[in-house]
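*Asks:* Once you've had a glance at the structure underneath, I'll fire off some questions.
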Amino acid sequence: MVSRGARVVIVGAGHNGLVAACYLAKAGLAPLVLERREVVGGVAVTEEFHRGFLCPAVLHGAGPLLPKIAAELQLEKHGLSMIPSDVRVLALDPDGPSLRIYDDSARTAMELTRLSARDAKTYAAFHSSFEQLGRALAPVLSMTPPDVDDLSTADYLNLGKLGLNFRSLDKKDAYRLLRWGPMAVADLVTEWFETDLLCATIAARGIFGASAGPWSAGTSVGLLLQAAMDGQVTAPGSAPKGGIGAISFGRRCDDPHRRSCCRNSCKGRRSGRRGPGRRGRGRRECGHFQRRSQRNFTEAG
Amino acid sequence: MNANYDVVVIGGGHNGLVNAAYLARAGKKVLVLERRHVLGGAAVTEEIFPGFKFSVASYVVSLLRPEIIRELDLPRHGMEVLPLDGTFTPMPDGDYLWRVNDHAKTRREITRHSRLDAEAYDEYGKAMVEMGRFVKPILGMTAPDPASLTLRGLSDLLSLARRFKRLPSNDKYNQVQLMTMSAADFLDQWFETDVLKATMSASGIIGTFLGVRSPGTAYVLLHHYMGEIDGAFRSWGLVRGGTGAISNAIAEAAREAGAEIRTEAPTARISVANGQATGVVLENGDEITANVVSSSVDPRLTFIRMVGAENLPGDFVEDINRYKFRGSSGKVNLALDALPDFTCLPGAGPHLRGAISISPSVEYMERAYDDAKYGRFSRRPYIDIVIPSLTDPSIAPPGKHVMSCFVQYAPYHLKDGTWDEKREKFGDTVIDTLAEYAPNLRDIILHRQVLTPLDIERRFGLSEGNIFQGELTLEQLFFLRPAPGWAQYKTPIRRLYMCGSATHPGGGIMGAPGLNAAKKILREWKS
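Protein chains in written order, with our numbering: chain A, 1396 to 1696; chain B, 12 to 538.
Structure representation (structure tokens):
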């Protein structure tokens, strides 16, 4: 189909465009990524919105970045360093004590004893159930959705894998998966917990970015997807050093044969068109990405 | 064991009666126990005011399975379906939308609002009929249990998958969207006329505690598209003599087959010995023994009240406790001295013979739900009205009329106060809303009956006043209705079965749960 060294143009240097470029370059193709703005990253971008203040302009959590991708692209080597946090969420209550949700469910349960002995007890079961479901669902995240009109062998394999995962679930968890999928997240959490603050904090994951309220059916999916990523129901609290932009910024391909390059448009320049020999460096190898400052980076484009 | 009966059926609603009729036809000695003095459950006709007969709760028919009508020979037992032609939606700006069964007329009417919608309307109708055809066989099957598949369940699922595969590509996507989208979003893809979308979306929320913009309501649209009268899809009808006539016809069929039916015989307890049902105890203390007990009342009553949590596995009790009822609707029945006169289309024209829908815009519908979410009845509710006396003069004195108003939303759980305090206020709200469109209404009301969800619970034994014996949301349908692992009409108590609307395929005067359960009981018959 596409031969080695072939040019592939990727429109948009958000984190997805960049990930695609990296994998294509690793496979020996020569992707060209075009970005409208002067910085790469799309919504995963750190910007100096006020002199001296670097801010994750849109997204500020690195939650969903799949660990597999981070490892395969050796993002750490390229300067991505995560600031770990064992607190995932700090939930504030205007009238009462706050609540911390930790990576460690036992610690969260301990924290919960201050609010409700009952919830402290059920939290462990709740957490472990999501962990099981997350494990079963994990393949969904890295598979291409099957074409219901024309299932390929790969689709059958993927679906089969999911089917087997489903079969391996404890019967109780299997039913939970079927029930929870279409449920309103508010209904789900109130089935488990009595502490309003805890219910709201967990439900928040379900409505994140959705045009739906916690009482809308189907909002539990957010929790299931988070569980598929890391077995938890809340977003992780760890953040990349240098803000979210570091993820987009630090990414480059290390393959010596890489031909991938990225182009940023600058003011006054028309984006997306490659003028041969424009300033002699119309394209820039990914490997030359420098992580000094955005200003440098922009000029480099 | 020398039992009094082969089967005791708890509850003489339409499902209990269908269940009894089929079991009796198979030669079983059957007894039906009804708490009230009349049969029918929510499918009942009562003379609330002298001379005025009301379909007190359920008021239209469409979903009743054709094989039940045929096999029980219901027309011979007195059931006669009369056509209900069209839906009339008055609008506050003085316009209206009036759809009728006459295709050309409806097309002209919709063209008046939008030419594009008139074209889409045909396409939509065709697509929904296709979807309905796909789903229809599911109604007649026992839901397979995905967590422990039997050969039968597996073959059912495979044949479903094969049929899905054979659907044309568009229909496949429609089907997936229908299962997950909100009614309003789904209709947005087809139409641009607000009032058309609003009226159509109403089918998506009837009996649920959801708004037209809540995901999952598109499926309920389809649920209402599966109605079939004389082989014609999507036709709604009235029954001569009110919906109680259906129940009476089924009861006649059951009696003819040898079933015994007792009214004013409330069941207090289901007797259980060694994990097995052995009969029932009535509230008056009478004990009746039976080989099999089949309960058509909802799971909360069946298990928590009649069996008792102590006789059941803890997990199962938890599942039943979290089964959602959340009644969201009320009913206002009016005895009228004359016909209402709508400002936007005056006179006693044929537009009054169909359904009249107070659903002027999608926003109106969603706002009605907003109130309910926070524990209030809608200040301006969605109302679906029929005036059956226009089609069936036998139910009202000459020149007078019966008006049946289904009202949503009326949440069972109120934030402030009780339904006993708010009943009349709720009735006033309904009349005020209607009077905005038909100002003469206030002057022609002879009697008024207001049924809040609390009244529906008390009167019909429907927990929290849910007209479907539990919400029709995806997590409570098919193999999850009423509880995961117990969707096949069986219960953790041996020889105790469920045959009501709280089992697959759910509520409405459909009869399918009663029929499916009867088949299950007969298949498993021992002794």
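Note that CB positions come from ideal geometry on N, CA and C, so glycine has one too.
By the DSSP assignment, the alpha helix (DSSP H) with H48 (chain B) in it spans what residues?
*Replies:* Stepping through the second sequence from its first residue, residue 48 (chain B) is reached at position 37. Segment: none, H48 (chain B) is in no alpha helix (DSSP H) and carries neither H nor E.
*Asks:* What residues from the stretch 482-502 of chain B come within 7 Å of chain A, judged by C-beta to C-beta, listed N to C?
*Replies:* T484, L485, E486, L491, P495, G496
*Asks:* Quick check: what's the CA-CA separation for G252 (chain B) versus A1607 (chain A)?
*Replies:* Taking the first residue of the second sequence as 1, we reach residue 252 (chain B) at position 241. Taking the first residue of the first sequence as 1, we reach residue 1607 (chain A) at position 212. Looking at the two C-alpha atoms, the distance is approximately 44 Å.
*Asks:* Is S258 (chain B) closer than 8 Å to L50 (chain B) when the C-beta atoms are compared?
*Replies:* Taking the second sequence and counting its residues from 1, the one referred to as residue 50 (chain B) is at position 39. Taking the second sequence and counting its residues from 1, the one referred to as residue 258 (chain B) is at position 247. It is a contact, given that the beta carbons lie within the stated cut-off.
*Asks:* What three-state label does DSSP hand R1445 (chain A) in the structure shown?
*Replies:* Taking the first residue of the first sequence as 1, we reach residue 1445 (chain A) at position 50. Before going further, note that residue 1445 (chain A) is His rather than Arg in the sequence given. The answer is strand: DSSP assigns H1445 (chain A) an E or B state.
*Asks:* So which residues on chain B does L1507 (chain A) lean against when the C-beta distance must stay under 9 Å?
*Replies:* As a position in the first sequence, residue 1507 (chain A) is number 112, starting the count at 1. For the C-beta of L1507 (chain A), not a single chain B residue is nearer than 9 Å; the gap to the nearest is close to 20 Å.
*Asks:* Is the stretch 1537-1557 of chain A close to the stretch 1593-1601 of chain A, with three or more CB pairs under 8 Å?
*Replies:* no
*Asks:* Three-state secondary structure (DSSP) at E535 (chain B)?
*Replies:* Here residue 535 (chain B) refers to the residue found at position 524 of the second sequence. Three-state DSSP puts E535 (chain B) in coil, outside helix and strand.
*Asks:* Can you name the residues of chain B whose CB is closer than 8 Å to the CB of D1544 (chain A)?
*Replies:* Residue numbering aside, residue 1544 (chain A) sits at position 149 when the first sequence is read from its first letter. Within chain B, the residues placing a beta-carbon under 8 Å from that of D1544 (chain A) are S180, K183, ordered along the chain.
*Asks:* Starting from the C-beta of A1612 (chain A), find all residues in its chain whose C-beta is less than 7 Å away, skip the five residues before and the five after it, and write them out in chain order.
*Replies:* Indexing the first sequence from 1 puts residue 1612 (chain A) at position 217. Within the same chain, A1612 (chain A) has close Cβ partners P1577, M1578, A1579.
*Asks:* Tell me which same chain residues have a C-beta within less than 7 Å of the C-beta of R174 (chain B), skipping the five on either side of it?
*Replies:* Within the second sequence, numbered from 1, the residue matching residue 174 (chain B) stands at position 163. Around R174 (chain B): F145.
*Asks:* At the 8 Å Cβ level, is L1460 (chain A) part of the contact set with chain E, yes or no?
*Replies:* No chain E appears in the structure shown, which is made up of the protein chains A and B.
*Asks:* Where does E239 (chain B) sit, in a helix, a strand or coil, going by DSSP?
*Replies:* As a working note, residue 239 (chain B) is residue 228 in the second sequence. Its pLDDT being 48, under 50, E239 (chain B) is placed unreliably in this model, and the coordinates cannot settle the point.
*Asks:* List the residues that DSSP assigns as beta-bridge partners of V1482 (chain A).
*Replies:* Here residue 1482 (chain A) refers to the residue found at position 87 of the first sequence. V1482 (chain A) is bridged to A:Y1497.
*Asks:* Determine the DSSP secondary structure at W1575 (chain A), reduced to helix, strand or coil.
*Replies:* What you label residue 1575 (chain A) is simply residue 180 of the first sequence in a count that begins at 1. Helix at W1575 (chain A).
*Asks:* For L1449 (chain A), which residues of its own chain have a beta-carbon under 6 Å away from its beta-carbon, when the five flanking residues on both sides are left out?
*Replies:* For the purposes of this step, residue 1449 (chain A) is taken as the residue at position 54 of the first sequence. Closer than 6 Å at the Cβ level, and outside the excluded window around L1449 (chain A), lie T1441, E1443, G1638.
*Asks:* For H412 (chain B), which three-state DSSP category applies?
*Replies:* Within the second sequence, the letter at position 401 stands for residue 412 (chain B). Correct three-state label for H412 (chain B): strand.
*Asks:* Just to confirm my understanding: we take M317 (chain B), look at its own chain, exclude 5 residues before and 5 after, and list those with CB closer than 6 Å. What are they?
*Replies:* For the purposes of this step, residue 317 (chain B) is identified with residue 306 of the second sequence, where counting begins at 1. Taken in chain order, the residues that qualify are R280, I281.
*Asks:* Under the assumption that N26 (chain B) contacts S307 (chain B) (Cβ atoms under 8 Å), give the Cβ distance between them as a whole number of angstroms.
*Replies:* Position 15 of the second sequence holds residue 26 (chain B). Position 296 of the second sequence holds residue 307 (chain B). So it is a contact: roughly 5 Å between Cβ atoms.
*Asks:* What residues in the stretch 1582-1594 of chain A have a beta carbon less than 8 Å from any beta carbon of chain B?
*Replies:* Residues passing the 8 Å Cβ filter: D1582, E1586.
*Asks:* Go through its chain and collect everything with a Cβ distance to L465 (chain B)'s Cβ below 6 Å, but skip five positions before and after it.
*Replies:* Your numbering for residue 465 (chain B) matches position 454 in the second sequence. Cβ within range, chain order: W430.
*Asks:* List the DSSP bridge partners of Q1621 (chain A).
*Replies:* To locate residue 1621 (chain A), count along the first sequence from 1; it is residue 226. The partner list for Q1621 (chain A) (beta bridge, DSSP) is empty, contrary to what the question assumes.
*Asks:* Quick check on DSSP: helix, strand or coil for K40 (chain B)?
*Replies:* Taking the first residue of the second sequence as 1, we reach residue 40 (chain B) at position 29. Per DSSP, reduced to three states, the secondary structure at K40 (chain B) is coil, with no helix or strand assignment.
*Asks:* In the DSSP assignment, what are the bridge partners of C1450 (chain A)?
*Replies:* Along the first sequence, read from residue 1 onward, the residue named residue 1450 (chain A) stands at position 55. According to DSSP, which records beta bridges pairwise, C1450 (chain A) is partnered with A:E1442.
*Asks:* Give the straight-line distance between the Cα atoms of L1461 (chain A) and M1624 (chain A), rounded to the nearest whole angstrom.
*Replies:* The residue labelled residue 1461 (chain A) in the question sits at position 66 within the first sequence. The residue labelled residue 1624 (chain A) in the question sits at position 229 within the first sequence. L1461 (chain A) and M1624 (chain A): Cα-Cα distance of roughly 7 Å.
*Asks:* In the DSSP assignment, find the unbroken alpha helix (DSSP H) run with Y135 (chain B) in it and report its ends.
*Replies:* Your numbering for residue 135 (chain B) matches position 124 in the second sequence. It spans 126-150 - the alpha helix (DSSP H) in which Y135 (chain B) sits, taken as one unbroken run.
*Asks:* Drop a sphere of 10 angstroms on the beta-carbon of Y385 (chain B), count the other beta-carbons inside from all chains shown, and report buried for 16 or more, exposed for fewer.
*Replies:* Along the second sequence, one-based indexing puts residue 385 (chain B) at 374. Exposed, because fewer than 16 other Cβ atoms sit within 10 Å of the Cβ of Y385 (chain B).
*Asks:* Could you tell me which whole beta strand (DSSP E) segments of length 3 or greater appear in the stretch 297-356 of chain B?
*Replies:* The qualifying runs are 298-306, 340-347.
*Asks:* Exposed or buried, which one is G1491 (chain A) when buried takes at least 16 other CB atoms within 10 Å?
*Replies:* Position 96 of the first sequence, counting from 1, holds the residue named residue 1491 (chain A). Exposed, because fewer than 16 other Cβ atoms sit within 10 Å of the Cβ of G1491 (chain A).
*Asks:* Let me confirm a value: E134 (chain B) is counted as buried when at least 16 other C-beta atoms fall within 10 Å, else exposed. Which label applies?
*Replies:* Here residue 134 (chain B) refers to the residue found at position 123 of the second sequence. Per the 10 Å Cβ criterion, exposed.
*Asks:* Consult DSSP for R110 (chain B) and reduce its assignment to one of helix, strand or coil.
*Replies:* As a first step, residue 110 (chain B) is located in the second sequence; it is residue number 99 there, counting from the start. Looking at R110 (chain B) - three-state DSSP - the assignment turns out to be strand.
*Asks:* Express the C-alpha separation of I217 (chain B) and Q419 (chain B) in angstroms, rounding to a whole number.
*Replies:* Position 408 of the second sequence, counting from 1, holds the residue named residue 419 (chain B). Position 206 of the second sequence, counting from 1, holds the residue named residue 217 (chain B). Those two C-alpha atoms are separated by around 8 Å.
*Asks:* Report the residues of the stretch 154-169 of chain B with a CB closer than 8 Å to any CB of chain A, ordered along the chain.
*Replies:* P157, A158, S159
*Asks:* List the whole-angstrom C-beta distance separating S212 (chain B) from V373 (chain B), where the pair is believed to meet the contact cut-off of C-beta under 8 Å.
*Replies:* The residue you call residue 212 (chain B) lines up with position 201 of the second sequence. The residue you call residue 373 (chain B) lines up with position 362 of the second sequence. Separation of the CB atoms of S212 (chain B) and V373 (chain B) is rounded to 6 Å, and the pair is thereby assigned contact status at 8 Å.
*Asks:* How many Å lie between I80 (chain B) and A379 (chain B) at the Cα?
*Replies:* Along the second sequence, one-based indexing puts residue 80 (chain B) at 69. Along the second sequence, one-based indexing puts residue 379 (chain B) at 368. Going by the C-alpha atoms only, they are around 37 Å apart.
*Asks:* Does DSSP put R1665 (chain A) in a helix, a strand or coil?
*Replies:* Residue numbering aside, residue 1665 (chain A) sits at position 270 when the first sequence is read from its first letter. Model confidence at R1665 (chain A) stands at a pLDDT of 36, short of 50, so the residue's coordinates are unreliable; what they give is reported in the following sentence. Of the three classes helix, strand and coil, the one that applies to R1665 (chain A) here is coil, per DSSP.
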